[in-house]
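Worksheet for the structure shown next.
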Amino acid sequence: MKKITLCLLVVLTGIFSSIQAQYVYDYKHTADVYYNARDYYSAAQYYNKALGTFKIKPEQVLPYTIAGAPAPTGKMKDYQDVVARLADSYRRFYDYGNAETWYAQLVGFNNPAYPQARFWYATTLRYNGKYQEALDEFKKFQKSYTASDDLSVRTALEISTCEFALSDGQKLPRFTIEKTSGNVNEGGANYAPVVLDPGTLMFTSSRSDNPPLPTASKQKPNPNNRKGTPYVNNLYTATGSENSYDNSQKVKIPMAKGFDQGVSTISPDGNSMYLTRWFMKDGVKQASIYMTIRQNGAWAEPRPLGDNVNVPGYNSMQPFITSDGKYLLFSSNRPGGMGKYDLWYCIMSNGTPGGAKNMGTAINTKDEEQAPFYDAEKNLLVFSTDGRVGYGGLDFYSSEGDFGTWSQPVNMGKPLNSPKDDIYYTALDNSHPFAAGFISSDRESICCLEVFGIRRIKKVISGLIIDCDTQKPLQGATVTLLDTVRRKTISKVTLGADGRYTFEADPQRYYKLLAEKQNYFSKALYVNTDDLLKIDSLDNPTLCLKPYEIDKPIVLNNIYYDFNKATLREESKIVLDTVVDILRENPKLTIEMSAHTDSIGSVKYNDKLSQARAQSCVDYLISRGISPNRLIAKGYGKSRPIAPNSLPNGKDNPEGRQLNRRTEFKVLKRQVEARSDYDNNSSQ
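Going letter by letter, the sequence shown gives residues -2 to 681 in my numbering.
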């Protein structure tokens, strides 16, 4: 029995040895089969095995050692072909570390048969965060590459991207970022998080209930699953708080065999879900947006949306419904776009999307625009694109707009953006959409997107409000923060005993700070927060508020007129401009401008002259944009002296007459309605 067993082992060993010997000659062919089937992971394994079949001297394969050598022949040529395919396989599988190694070798061959090798070498350097090295290689490629194609156009963008990353990376970060803990990032790809409530996170995952396979395809924004693998994308929920979520459970939504589904959005009432469904046909992804209704606590069979969203023969995916339910946003390569995938939107009516509209050239480029998120309160769009200068791959950008016009998109910087793909922003709390949230990124993974929690680093602007007369902190005053671009009130505080205010603010904003207190003239301060990109706080100059009493005159010094005339001198207009500022900052005030004379001349003459002078002041204020309804001109002549025109001995008193020749203003009334928004603050 032992002999039989021994013979059997010998025979089997011989068979296996024969098979292995046979495979030595088939490694490249097997790798090519996997490569052509777009299974780049398996292709890379077999190209690696194929390299072991060549007898190549070490000095022949070191990068940059054979520059200028003639084109290889025979085994060396075949070896270089395998290196080229191996580098390409690693890149297509998103393993940029190994791809960089093999592209470096391929570039070193200096073989004209691979004219694009340096571009892809530079690309892998950039993906690996080596921006200066990547920049040098892109510039070399730009000088040597003569073809006019997409790569030649893309090179200019890549050069700008490396330069931007080197420069922008010096700024202080606006967010902190940390991979979500618990079992959210478990097996396969995990991405497109959605906060259902403060304790529940829904996300898309390609995890399998079976043990993981080594050939799992990377699930990026356009996942490609090999037929027959257990890695099927579906929706899951997890419970937790902050940035830790456990107890992952598959969402029970009916799904036909052969489909993947995920990347979802929930209607404001929580009863409708819009999600992406896709399948592969001849190696090409076919994606559409579906809707499912919650019935008796369960999700019904999803149904595809109509032609307004899904155009036959094209893909629509990544839906997002706004918090007010008015708009459905999505990404699509449908006709009428700017390039590959564009952002589109539909106006919703009773849960039904209207005709899709492209979001235009202000947002879309000829490359990829994906994964929209829109804050309806702040009118702020966040999306990902690889068609703009950034850090490389898909980057987050923000743009302000109302679906009519959009501002120039702004790169949201590090650490939200990385050299790899960063996509699918969602807020932790819709009432504070950019204080904390989640994103998806493959920055820490060779293969897959993962979920990360983000939290904004507080940027503050602060200052002190005092009484102009006492120079003491003005307790009880209010300070309102207004966005002058979006024309919205951001926040309002009432000052304590220290008279100080502090607001959280965003960099690169234009704010107006309005300080107010009952029976004080309000005052405004305009703040540009560009410096907040480099620092965490701005301390504004101290503002003092001047008290006033209704019907109590305030003398304006240095108001001069031509002799015996009502014509204002130029130096007088400078003083009146201070009244213009007061009236602009206090739009509820109605004032009286009054003029007075000394005792020289008749009553009739002085009354007429003073009235004309008061009217000159009012006319000037009107010319500066102050409403005439808020102004009254009154000449008092010599009827209201504030100093003696003559001394007790009867002699002339020049100093007294000078004081009596004065111009004043006084507050007649102030409307009591509180200012609640920017529009009220801007009225006159």
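C-beta atoms are modelled at their ideal positions from N, C-alpha and C, and glycine is treated no differently.
The C-beta distance from Thr423 to Phe370 rounds to 6 Å, short enough to fall under 8 Å. For the 8 Å CB-CB criterion, Lys509 and Tyr523 form a contact. One thing to note: Ile263 has its Cβ within 8 Å of the Cβ of Leu193.
Assignment of Tyr338 by DSSP, reduced to helix, strand and coil, places it in the coil class. Contact check for Ala101 and Tyr118: beta-carbon distance about 6 Å, within the 8 Å limit, so the pair qualifies. In the structure shown, Thr382 falls within a strand segment according to DSSP collapsed to helix, strand and coil. The shortest CA-to-CA distance from Asp75 to any of Tyr24, Tyr37, Arg89 is the one to Tyr24. In the three-state reduction of the DSSP assignment, Ser320 falls in the coil class, being assigned neither a helical nor a strand state. Inclusion of Ile458 and Ala521 in the CB contact set at 8 Å is not warranted, their separation being larger than that value. For Trp99, the enclosing alpha helix (DSSP H) has its first and last residue at 93 to 105. Counted as a single uninterrupted DSSP element, the stretch harbouring Gln468 is not any alpha helix (DSSP H), since DSSP gives it neither H nor E.
Looking at the DSSP output, Leu326 sits in a beta bridge with Phe317, Tyr342.
Shown here for Arg204: same chain residues with a beta carbon closer than 7 Å to its own, the five before and five after excluded, namely Glu183, Gly184, Gly185 in chain order.
Restricting attention to beta strand (DSSP E) runs no shorter than 3 residues, the segment 444 to 524 encloses them at 447 to 453, 457 to 464, 475 to 480, 485 to 491, 497 to 501, 507 to 513, ordered along the chain. With respect to the 8 Å criterion, Lys375 and Ile344 are not classified as neighbours on the basis of their beta carbons.
The continuous beta strand (DSSP E) containing Gln292 extends over residues 281 to 292. In the three-state DSSP reduction, Ala144 falls in the coil class, being neither helix nor strand. Selection Met73, Gln129, Tyr37, Ala144 evaluated against Ala96 yields Tyr37 as nearest (Cα-Cα). Contact between Ala512 and Leu540 holds, with the beta-carbon distance rounding to 5 Å and staying under 8 Å. Cβ contact annotation for Pro416 (same chain, cutoff 7 Å, sequence separation greater than five): Arg123, Tyr124, Asn125, Gly126, Tyr388, Gly389, Gly390, in chain order.
Beta bridge pairing from DSSP links Leu198 with Val192, Ala235.
Judged by DSSP secondary structure, Val664 falls outside any alpha helix (DSSP H) and instead within the beta strand (DSSP E) spanning 660 to 667. With 16 or more other Cβ atoms from the protein chains shown falling within 10 Å of its own Cβ, Pro550 counts as buried.
In the three-state DSSP reduction, Tyr388 falls in the coil class, being neither helix nor strand.
Per DSSP, the beta bridge partners of Tyr394 are Phe380, Asn408. Following the DSSP letters along the chain, one finds Gly632 in no alpha helix (DSSP H) but inside the beta strand (DSSP E) bounded by residues 628 to 634. Around the CB of Gly410, 16 or more other CB atoms lie within 10 Å, so the residue is classed as buried.
Beta-bridge partners of Met270 (DSSP): Ile263, Thr289.
For Gly634 against Ser591, the beta-carbon gap comes to about 10 Å, at or over 8 Å, which does not count as contact.
For Lys127, the secondary structure class from DSSP, reduced to helix, strand or coil, is coil.
Arg566 counts as exposed, since fewer than 16 other C-beta atoms from the protein chains shown sit within 10 angstroms of its C-beta. Counting along the chain, no beta strand (DSSP E) covers Ile619; the unbroken alpha helix (DSSP H) around it starts and ends at 600 to 620.
According to DSSP, residue pairing for Val552 in a beta bridge involves Glu661. In the structure shown, Arg151 falls within a helical segment according to DSSP collapsed to helix, strand and coil.
Looking at the DSSP output, Gly434 shares a beta bridge with Ala424, Ile451.
Met356 has its alpha-carbon roughly 11 Å from the corresponding atom of Thr362.
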